[in-house]
Amino acid sequence: MRTKIVAGNWKMNKNLEETEALLSELSAKLPNTHAEVIVAPTYVNLALAQRNLQASSIKVAAQNMHFAENGAYTGEISADMLLNIHVDTVILGHSERRAYFGEDDELLAKKVNTALDKDMTIIFCFGEELEERKSGNHFSVVESQLKNALFHLDASAWKNIVLAYEPVWAIGTGETASPEQAQEMHAFIRKTISEAYNTEVADEVSILYGGSVKPGNAADIFGKPDVDGGLIGGASLKADDFIAIIKAI
Ligand code: PEP
148 MRTKIVAGNW
158 KMNKNLEETE
168 ALLSELSAKL
178 PNTHAEVIVA
188 PTYVNLALAQ
198 RNLQASSIKV
208 AAQNMHFAEN
218 GAYTGEISAD
228 MLLNIHVDTV
238 ILGHSERRAY
248 FGEDDELLAK
258 KVNTALDKDM
268 TIIFCFGEEL
278 EERKSGNHFS
288 VVESQLKNAL
298 FHLDASAWKN
308 IVLAYEPVWA
318 IGTGETASPE
328 QAQEMHAFIR
338 KTISEAYNTE
348 VADEVSILYG
358 GSVKPGNAAD
368 IFGKPDVDGG
378 LIGGASLKAD
388 DFIAIIKAI
């Protein structure tokens with residue numbers, strides 16, 4: 148059985164007090180759920196989030212990390228720094244990191260290797276841009292993103308990988324892939340993994356959808372057989388919306 152997951156990517160939002168308030172509201176309102184619930188606050192509030200959620204089943208993830216062990220990388224955060232505050236899950240490859248910070252498949256493969264060396268769980272994001280979908284290249288783009296950053300891994304490493312298919316044209320735009328478009332791509336991703344590895348790896352990996360998921364569309368998207376949950380941006384910043392999305396799964 149694949150793990151169902153609802154993860155909130157808070158991006159560069161929420162100061163200390165706002166983070167505390169949102170964490171308290173989420174903990175208080177969290178429904179009984181079979182899904183794993185994850186929040187990814189900004190770096191400076193990660194330790195606070197980890198502390199404040201100790202008694203909760205909500206997990207904390209980082210939004211990014213560097214591939215190096217330590218050293219002269221001003222402004223960066225290492226895997227060991229995350230593990231030191233008991234954060235063992237990291238989002239890698241988010242389209243905003245790719246677009247604004249020049250993260251490419253080669254760099255992401257290094258980050259993936261480091262995270263796995265440290266036995267961390269990775270939420271690996273990928274997805275096509277609007278032009279790539281319009282020109283019908285979305286399947287080949289997604290396939291190459293997976294191949295370049297992940298397909299060098301042994302089958303055993305995939306137990307630490309969660310995939311998040313996030314079509315770039317749907318992130319923060321209010322435009323959502325239809326449930327059918329999401330299902331079509333998720334099924335393609337599973338088939339691609341099955342061909343590169345085997346059906347066991349493909350059947351076990353959780354594939355989240357991300358891109359303008361809201362309370363109003365979550366149930367339809369999550370209802371598709373190859374969609375195992377969501378990576379939520381904007382709607383994870385409001386407790387009631389995020390809780391409604393968790394209930395939808
Ligand atoms: C995201 O940034 O991962 C995301 C899915 O954002 P939004 O839900 O706001 O589209």
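One gets the numbering used here by counting positions in the sequence shown from 1 and adding 147 to each.
C-beta: ideal position from N, C-alpha, C; glycine also.
Span separating the alpha-carbon of residue i from that of residue j
{"i": "L263", "j": "K206", "result": "18 Å"}
{"i": "S204", "j": "H285", "result": "36 Å"}
{"i": "Q310", "j": "L229", "result": "Before going on, a small fix: residue 310 reads as Leu here, not Gln. Each residue's Cα considered, the two are about 20 Å apart."}
{"i": "I259", "j": "I308", "result": "It should be noted that the sequence gives Val, not Ile, for residue 259. Straight-line Cα distance between these residues: approximately 9 Å."}
{"i": "D301", "j": "Y220", "result": "29 Å"}
{"i": "K338", "j": "S282", "result": "22 Å"}
{"i": "L193", "j": "Q201", "result": "12 Å"}
{"i": "Y247", "j": "H241", "result": "10 Å"}
{"i": "M332", "j": "V191", "result": "35 Å"}
{"i": "V237", "j": "A208", "result": "5 Å"}
{"i": "K161", "j": "L173", "result": "14 Å"}
{"i": "E347", "j": "I340", "result": "10 Å"}
{"i": "N179", "j": "K394", "result": "9 Å"}
{"i": "S303", "j": "H181", "result": "25 Å"}
{"i": "D252", "j": "I390", "result": "33 Å"}
{"i": "R245", "j": "N199", "result": "31 Å"}
{"i": "D235", "j": "P326", "result": "31 Å"}
Three-state class that DSSP yields for residue i in the structure shown
{"i": "N217", "result": "coil"}
{"i": "A208", "result": "coil"}
{"i": "L177", "result": "coil"}
{"i": "D381", "result": "Reading off the sequence shown, one finds Gly at residue 381, where the question assumed Asp. Reduced to three states, the DSSP call for G381 is helix."}
{"i": "W157", "result": "coil"}
{"i": "S303", "result": "helix"}
{"i": "G363", "result": "helix"}
{"i": "K265", "result": "coil"}
{"i": "H333", "result": "helix"}
{"i": "D227", "result": "helix"}
{"i": "S171", "result": "helix"}
{"i": "I368", "result": "helix"}
{"i": "Q292", "result": "helix"}
Beta-bridge partners of residue i, as assigned by DSSP
{"i": "I152", "result": "E183 and G376"}
{"i": "L239", "result": "F271"}
{"i": "I354", "result": "L310"}
Contact with chain D by residue i, beta-carbon distance below 8 Å
{"i": "Y344", "result": "Absent here is chain D; the protein component of the structure consists of one chain."}
Heavy atom of the ligand FAD within 7 Å of residue i beta-carbon
{"i": "A382", "result": "With respect to the ligand FAD, the structure shown offers nothing to examine, as its ligands consist of the ligand PEP."}
Should the stretch 340-353 be called in touch with the stretch 365-373, which here means at least 3 C-beta pairs below 8 Å?
When C-beta atoms of the stretch 340-353 are compared with those of the stretch 365-373, fewer than three pairs fall below 8 Å, so the two segments do not count as touching.
Across the stretch 265-275 and the stretch 284-299, are there enough close Cβ pairs to call them in contact, namely three or more that are closer than 8 Å?
Enough Cβ pairs lie closer than 8 Å, so yes.
At a cut of 8 Å, does the stretch 378-388 reach the stretch 356-365 through at least three beta carbon pairs?
They touch, by the three-pair rule.
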